[in-house]
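Take a look at the structure set out below.
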Amino acid sequence: MALTTASFDSSVFTYRIVDQSDTVATANIDVTGGKSGNVYAIDIDNGRNVSCAIKFTLTSATPVVGTTSPDIVVWHTAGQRTQYLMPAGLAFTVLSFWATTEEADSGTTAPSGAYTNHATGKLIVTVTTS
Amino acid sequence: MSTTLATVASPLADKLITLVLSTSTEEDNVSGSSGQLYGIEIDNTLNTVACYIKAVNIADATSTSHSAMWKFYAPASTKQTYMIPTGTAFSVGFSAWATTTAANGTAQAFDGTGNITVTLLCD
Chain A
15 MALTTASFDS
25 SVFTYRIVDQ
35 SDTVATANID
45 VTGGKSGNVY
55 AIDIDNGRNV
65 SCAIKFTLTS
75 ATPVVGTTSP
85 DIVVWHTAGQ
95 RTQYLMPAGL
105 AFTVLSFWAT
115 TEEADSGTTA
125 PSGAYTNHAT
135 GKLIVTVTTS
Chain B
25 MSTTLATVAS
35 PLADKLITLV
45 LSTSTEEDNV
55 SGSSGQLYGI
65 EIDNTLNTVA
75 CYIKAVNIAD
85 ATSTSHSAMW
95 KFYAPASTKQ
105 TYMIPTGTAF
115 SVGFSAWATT
125 TAANGTAQAF
135 DGTGNITVTL
145 LCD
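As given, the protein sequences belong to chains A and B, one line each in that order.
The first sequence lines up with residues 15 to 144 when you count with my numbering.
The second sequence lines up with residues 25 to 147 when you count with my numbering.
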């Protein structure tokens, strides 16, 4: 898994783009590096060959996979790519996310396998924030 | 200059569904069929606590035993919109309910004092 956070010169562009190229059942904690803000868009490209739940927390400093109840859950079938847009922004103080094959809070199974003909065979999550 | 109004023969999303929720009791199979969800607006302006709209791809859901496959959050006293341009599919039925706690199952609760109005755009 590789998490990349791109920030821009605030005098030019105040947004951040967070990209996880291989989202699994390990929490990506505080992906904006201590910066609070608003979530404006989430792009999910499920290159795995299983359906899975992508789970986000907005305030928890130490979310624990399998224990913490996420604030947002979105379900994705295998091979599906979907964008969620929040035009007004959704405020967060600490933004974290992970994915499991179970929608239940207790789920800890990472999505696995590669969807046929997907470019990377990974679950890619890209978040745009302020 | 002129204006032309044309109707779309096969609209992308042809169902606009409004749910007025005041408990965590589920509203089952709200669109009456399988389909795609393209947008959800949560009007939580009547409550001073945050709410969670939870949904499952199950025609006859039970809020206390089914975990949310989709969970949309709206802060207290706000209206929050999620647009899904490409749609997200539900193959059986879209059933939803509201809570004011994030947890699933019997740990969830509804402590709001006002109605939550949820508008769904789907086909």
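We put the CB at the ideal spot given by N, CA and C, even for glycine.
Taking all protein chains shown into account, Arg95 (chain A) has fewer than 16 neighbouring C-beta atoms within 10 Å of its C-beta and is therefore exposed. Beta-bridge analysis with DSSP links Asp57 (chain A) to A:Gln97, A:Thr140. With a threshold of 16 other beta carbon atoms within 10 Å, Ser89 (chain B) falls short and is exposed. Residues Ala100, Ser101 of the same chain have their beta carbon placed closer than 7 Å to that of Thr72 (chain B), with the five preceding and five following residues left out of the count. Between Trp94 (chain B) and Val88 (chain A), the gap from beta carbon to beta carbon is short of 7 Å. By a beta-carbon distance limit of 8 Å, Phe70 (chain A) contacts Asp85 (chain A). Their separation comes to about 6 Å.
For Thr124 (chain B), the three-state secondary structure derived from DSSP is coil. Only Ala67, Leu72, Ser83, Pro84, Asp85, Ile86, Val87, Val88, Trp89 from the stretch 57 to 89 of chain A bring a Cβ to less than 8 Å from some Cβ of chain B.
Between Tyr106 (chain B) and Asp52 (chain B), the alpha-carbon positions lie close to 21 Å from each other.
Close to Thr142 (chain A), with beta-carbon spacing below 8 Å, lies no residue of chain B; the smallest spacing is near 13 Å.
Annotated three-state conformation of Gly51 (chain A) is strand, per DSSP. Counted as a single uninterrupted DSSP element, the beta strand (DSSP E) harbouring Pro109 (chain B) occupies residues 103 to 114. Under a criterion of Cβ atoms nearer than 8 Å, the residues of chain B adjacent to Thr91 (chain A) are, in order, Ala113.
Here Thr18 (chain A) is bridged, per DSSP, to A:Asp33. According to DSSP, Gln60 (chain B) shares a beta bridge with B:Ala113. Look at the stretch 119 to 140 of chain A: the residues with a C-beta under 7 Å from a C-beta of chain B are Asp119.
The beta carbon of Ile140 (chain B) is closer than 6 Å to those of Leu45, Asn68, Cys75, Ala122 in its chain, skipping five residues each way along the sequence.
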